[in-house]
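Visitor: These protein sequences, in sequence, are chains R and H.
Note that this note's numbering has the first sequence beginning at 575, numbered continuously upward.
Note that this note's numbering has the second sequence beginning at 869, numbered continuously upward.
Where is the CB? At the ideal position from N, CA and C, for every residue including glycine.
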Amino acid sequence: MTDTLNIAGKSYQSRLLVGTGKYKDFTETRAAIDASGAEIVTVAIRRTNIGQNAGEPSLLDFLPPEEFTYLPNTAGCYTADDAVRTLRLARELLDGHKLVKLEVLGDPKTLYPNMIETLQAAETLVKDGFDVMVYCSDDPIIAKRLEEIGCCAVMPLASLIGSGMGILNPWNLQIIIENAKIPVLVDAGVGTASDAAIAMELGCDGVLMNTAIAAARDPIRMAGAMKKAIEAGRDAYLAGRMPKKLYSAAPSSPTTGMIE
Amino acid sequence: MIHLTINGKVKEFDVATLYVSDLVERLELTGKRLAIECNGEIVTRSAFAQTLLNDGDKLEIVGAVGGG
Numbered sequence: 575m576t577d578t579l580n581i582a583g584k585s586y587q588s589r590l591l592v593g594t595g596k597y598k599d600f601t602e603t604r605a606a607i608d609a610s611g612a613e614i615v616t617v618a619i620r621r622t623n624i625g626q627n628a629g630e631p632s633l634l635d636f637l638p639p640e641e642f643t644y645l646p647n648t649a650g651c652y653t654a655d656d657a658v659r660t661l662r663l664a665r666e667l668l669d670g671h672k673l674v675k676l677e678v679l680g681d682p683k684t685l686y687p688n689m690i691e692t693l694q695a696a697e698t699l700v701k702d703g704f705d706v707m708v709y710c711s712d713d714p715i716i717a718k719r720l721e722e723i724g725c726c727a728v729m730p731l732a733s734l735i736g737s738g739m740g741i742l743n744p745w746n747l748q749i750i751i752e753n754a755k756i757p758v759l760v761d762a763g764v765g766t767a768s769d770a771a772i773a774m775e776l777g778c779d780g781v782l783m784n785t786a787i788a789a790a791r792d793p794i795r796m797a798g799a800m801k802k803a804i805e806a807g808r809d810a811y812l813a814g815r816m817p818k819k820l821y822s823a824a825p826s827s828p829t830t831g832m833i834e
Numbered sequence: 869m870i871h872l873t874i875n876g877k878v879k880e881f882d883v884a885t886l887y888v889s890d891l892v893e894r895l896e897l898t899g900k901r902l903a904i905e906c907n908g909e910i911v912t913r914s915a916f917a918q919t920l921l922n923d924g925d926k927l928e929i930v931g932a933v934g935g936g
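#1: Run through the DSSP bridge pairs and tell me what R/D761 is partnered with.
#2: Would you mind sorting H/G934 into buried or exposed? The rule is 16 or more other CB atoms within 10 Å of its CB.
#3: Look at the Cβ atom of R/V760, then the Cβ atom of R/V781, and state whether they are nearer than 8 Å.
#4: Quickly, what does DSSP pair R/C532 with across the bridge? List them, please.
#5: How would you list, in chain order, the residues of chain H whose beta-carbon sits under 7 Å from the beta-carbon of R/R621?
#6: For the pair the stretch 802-818 of chain R and the stretch 902-920 of chain H, tell me if three or more CB-CB distances fall below 8 Å.
#7: If I follow the unbroken alpha helix (DSSP H) through R/N753, where does it start and stop?
#8: Could you list which residues in chain R have their beta carbon closer than 9 Å to that of H/G905, in chain order?
#9: What is the DSSP secondary structure of H/K900, counted as helix, strand or coil?
#10: List the residues of chain R whose Cβ lies closer than 9 Å to the Cβ of H/I870, in chain order.
#11: Have a look at R/D608, R/V658, R/P682, R/V758 and flag the residue whose alpha-carbon is nearest the alpha-carbon of R/L699.
#12: Under the DSSP definition of a beta bridge, which residues are partnered with R/E691?
#13: Between R/Y597 and R/A606, is the Cβ-Cβ spacing less than 8 Å?
#14: Starting from R/E805, trace the beta strand (DSSP E) both ways and give me its first and last residue.
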């Protein structure tokens, strides 16, 4: 049986989802995404430049919709209303596209999510027919509530957006994963490949990242490293790790047949 | 004269009537992938040619950009 990531009725080979921000140019964006093997890519919705550079290439020219599943986000939104408006615009922009990433921030300094506004927006969006992947705090009760509302995936933070601090609370993530009947993806905070591998070893269904790749010295190489880390972590999770013991007194080589 | 606030900036159009499709053309956005909201309501692409703009309307014209 093939091991795929299933979100809102569609299967994906890759469990790595990537952002498209902070790259030097669109060529680098494309090369990094290719190296990552990601099939789902996040995009932001912003005001179009009016009357400037009419012929300028756009991000979507470099990431054609036949090749990628877009995940429009609500980055920068601080209220449920703004997030809902943004995603309705995204749906119109992307010809009725339903899969979205909801995030409502609470504080411009830390970018910590505002879960009160997020819950409100999630309810509205689910009722409006969206498939909502939701960025959230690593609170198991909130994650469960978002699942009950009808979100198609919960995406708790590993640590704060853009911090690269890695997984700060593996225990909460474990509780969220254990309780969830929908995919759980770590979103935000991954700094390097080992962080991604740990998330997958915990049993996460996937990882979403942007800065860890885009802000690496060599983003394309890091994208490849993340791909391998996600695959290795997933395999390790499925293989089932050996139990941890302080010591075992059971060496790997035979205890008999020693020379005398 | 029609005054519109487009993406936060006031613009004047020296015409008696202006459809959303005319506006898209005047802004040299024809064929671009975009979405338009007028006074908080989405104007679908199929309705551009039938949607008349009024003096004082507030528009948001958006596209997709890189983001995480």
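Guide: Based on what the coordinates show:
#1: R/L782
#2: buried
#3: Yes, the pair counts as a contact, with Cβ atoms nearer than the cut-off.
#4: Absent from the structure is residue 532 of chain R, since the part of chain R shown begins at 575 and ends at 834.
#5: Residues of chain H passing the Cβ test: N875, E928, I929, V930.
#6: Cβ pair count under 8 Å is below three, so no.
#7: 744-753
#8: Note on identity: in this sequence residue 905 of chain H is Glu, with Gly being the wrong assignment. Under the 9 Å cutoff, chain R gives R659, R662, L663, E666.
#9: Coil at H/K900, not helix or strand.
#10: Those do not exist, as H/I870 stays about 16 Å from chain R at its closest Cβ, beyond 9 Å.
#11: R/V658
#12: In the DSSP output, where bridge partners are listed per residue, R/E691 has none listed.
#13: yes
#14: Counting along the chain, R/E805 falls outside any beta strand (DSSP E), though it belongs to the alpha helix (DSSP H) covering 793-813.
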